Amino acid sequence: MTAISIEGELRSSADENGLDVRWIMPDGFFEIPLDAEDLDETAEQLMELARSAMPEADFDVQLQWAVMCAAHYDAFVEAGVQYAGFVLTEVEGARCTATVTVSMIDLDAQAGPNPVGFMGSSLRHLGIGQVSEIELPCGPAVCCVGDRKGSLDGSLTASGEDETVRTSFIQVQLPLTNGTAVVLEMGTPTSEGWEVFSSMFAGVVKSVRLFDIEGEPVVMPG
């Protein structure tokens, strides 16, 4: 089994309402570029990423992969994604992959004085997975473990046809006192890697720290 190093790089995202959110990503993740200034720069960065992540693939496969990533950019913006990355590794001889995203969203106006309870109830109502309330070093949060169906473009499949893909995921929502929330999610279509990836993601979630505009650590109230 190829291990994912627990040592990683500090990431951060400044919330527009005055909080700095920091977390640590393990080594081995390829980061999807989200800060390019124009389409040409985005295309160049995605092709460079495709060559780094899939050096054995031919140009057409790398190009199709880059195009598929570019097609998700509007969804990234709409979802408030601040970080998106993926990892490729081997688990018990099987080639496995996982993605991790970190987003900043606005809390629902109906969240009230108990946003964790409200978010938990909302997720349970959706029926997309098992929901629980958890306590992180930076404050209380809601965790949802489930799976969803998606589609893989035929250009990236052995059959050449679009294929249905079932992705298992863990989503953690951390409400903040300024009316926003941090949403972290890990997803993998490869069941063989679930144990490794879920353990890795638990470390990412536990690494989240919050700081005010003066750089002082902040813990959300329980």
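Count along the sequence shown from 1, add 558, and you get the number used in the numbering used here. Just so you know, even glycine gets a beta-carbon here, dropped at the ideal spot from N, CA and C. Please read these numbers as outputs of a predicted model, since none were measured by experiment.
_If the criterion is Cβ atoms closer than 9 Å, does the pair A615 and W623 meet it?_
Between A615 and W623, the C-beta spacing is below 9 Å.
*Where does G678 land, buried or exposed, given buried means 16+ other C-beta within 10 angstroms?*
Buried, by the Cβ-count rule.
*Report yes if the C-beta distance between A656 and F755 is below 9 Å; otherwise report no.*
Using a Cβ distance threshold of 9 Å, A656 and F755 count as a contacting pair.
*So which of K764, V723, R706 and T748 has the shortest CA-CA distance to Q731?*
Comparing Cα positions, the closest option is K764.
*Would you report the Cα separation of P747 and M626, rounded to the nearest angstrom?*
Their Cα atoms are separated by approximately 16 Å.
*Does the Cβ of L684 have 16 or more other Cβ atoms within 10 Å, making it buried, or fewer, making it exposed?*
Classification for L684: exposed.
*asked:* For I771 and E721, I'd like the C-alpha separation in whole angstroms.
replied: So the alpha carbons of these two residues sit roughly 47 Å apart.
*Can you name, in chain order, every residue of its own chain whose Cβ lies under 6 Å from the Cβ of E606, other than the five neighbours on each side?*
Here E606 has no same chain residue with a Cβ atom under 6 Å from its own Cβ, once five neighbours each way along the sequence are excluded.
*Take A561 and list the residues in its own chain whose beta-carbon comes closer than 6 Å to its own, dropping the five residues that flank it on each side.*
With a pLDDT of 36 at A561, under the threshold of 50, the modelled position of that residue is not reliable, and no figure is offered here.
_Buried versus exposed call for L597 [16 or more other C-beta atoms within 10 Å across all chains shown]_ = The C-beta of L597 has fewer than 16 other C-beta atoms within 10 Å across all chains shown, which makes the residue exposed.
*Please determine, among V658, R609, V674 and T659, the residue with the shortest C-alpha to C-alpha distance to G780.*
Closest by alpha carbon: V674.
*Would the region 580-594 and the region 629-646 be scored as touching if the rule is three or more Cβ pairs under 8 Å?*
Here the region 580-594 makes contact with the region 629-646; the two share three or more CB pairs at distances below 8 Å.
_Cβ-Cβ separation, I686 to G704 (assumed contact under 8 Å), whole Å_ = For G704 against I686, the beta-carbon gap comes to about 5 Å, under 8 Å, which counts as contact.
*Give the secondary structure of F755 by DSSP, where H, G and I count as helix, E and B as strand, and everything else as coil.*
Three-state result, F755: helix.
_Please report the straight-line C-alpha distance between I582 and A739, rounded to a whole angstrom._
I582 and A739: Cα-Cα distance of roughly 18 Å.
*asked:* In this structure, how does DSSP classify G761 when only helix, strand and coil are distinguished?
replied: Helix at G761.
*Mind checking S726: buried by the 16 CB within 10 Å criterion, or exposed?*
With 16 or more other Cβ atoms within 10 Å, it is buried.
*Taking Cβ to Cβ, would you say L768 is nearer than 9 Å to G697?*
Yes, the Cβ-Cβ distance between L768 and G697 is below 9 Å.
*Return the bridge partner residues of S690 from the DSSP annotation.*
Answer is C701, bridged to S690.
*Counted within 10 angstroms of its Cβ, other Cβ atoms place F584 as buried (16 or more) or exposed*: First, the residue type needs correcting, since residue 584 is Pro and not Phe in the sequence shown. If you draw a 10 Å sphere on the C-beta of P584, you find 16 or more other C-beta atoms in it, and that means buried.
_First and last residue of the uninterrupted beta strand (DSSP E) at D541_ = Since the displayed the chain opens at 559 and closes at 780, residue 541 lies outside it and no answer follows.
*Can you name, in chain order, every residue of its own chain whose Cβ lies under 7 Å from the Cβ of Q620, other than the five neighbours on each side?*
Excluding sequence neighbours, Q620 sits near M605, A608, R609 and M612.
*asked:* Which residue marks the beginning of the alpha helix (DSSP H) containing D618, and which one marks its end?
replied: Start and end: F617 to A628.
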